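Residue numbers (this note's numbering): 63 to 241. Where a beta carbon is used, it is the ideal one built from N, C-alpha and C, also for glycine. This one's a predicted model, so the numbers in the text were calculated from it and none came from an experiment.
Given below as structure tokens:
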């Protein structure tokens, strides 16, 4: 079905905001296609249109929509060709993931960043074999105790496996660790 174009506001408020479902995402152009209506009945599919974002200036948030994600579709003057999808809705395909007060972001691979304001607790959970990199030319400061379950490496030297030269009994000080 072709996309109806409006030459002006039709006066029908139901044409201004619609609920649709993302059916295709083109990350290279930051555009998506949205299906409006019941896919088992008559529905309309938009051309590839820009999706709305939270920030797109000096601060940028990049989080493309997912195929199957339900969205609100804002249609200026009721014109679907000018539509902008913004604001996702929980649906049968993507239900609300929790009912507690802990807030979190969960990624497609299961990685999760969460914060529990009631207990003042920050979680970062990564899937198996994931890696983490912190790059800070100015250094990193941790205030508080640090517990590590595993080895710690500093300039290639293992905290658990390194050996010292010049070990002396009593109050003597050992030499530098071997690499």
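Neighbour-count burial assignment, residue i, 16 or more Cβ in a 10 Å radius
{"i": "residue 218", "result": "exposed"}
{"i": "residue 132", "result": "buried"}
{"i": "residue 140", "result": "buried"}
{"i": "residue 194", "result": "exposed"}
{"i": "residue 145", "result": "buried"}
Beta-bridge pairing of residue i - partner residues as DSSP gives them
{"i": "residue 83", "result": "97, 132"}
{"i": "residue 120", "result": "Bridge partners of residue 120: none, in fact."}
{"i": "residue 177", "result": "165, 184"}
{"i": "residue 219", "result": "216"}
Contact set for residue i: own chain, Cβ-Cβ below 8 Å, skip 5 residues either direction
{"i": "residue 123", "result": "115, 116, 117"}
{"i": "residue 214", "result": "220, 221, 222"}
{"i": "residue 110", "result": "86, 88, 91, 93, 94, 95"}
Beta-carbon proximity list for residue i, same chain, < 6 Å, skipping 5 on both sides
{"i": "residue 175", "result": "167, 186"}
{"i": "residue 165", "result": "177"}
Own chain, CB closer than 7 Å to residue i, minus 5 neighbours either side, in chain order
{"i": "residue 69", "result": "In this prediction, residue 69 scores a pLDDT of 49, lower than 50, which makes its location untrustworthy; no coordinate-derived value is stated."}
Endpoints, the beta strand (DSSP E) within which residue i is located
{"i": "residue 146", "result": "146-151"}
{"i": "residue 165", "result": "165-168"}
{"i": "residue 203", "result": "Unbroken run through residue 203: none, as it is neither H nor E."}
{"i": "residue 106", "result": "105-107"}
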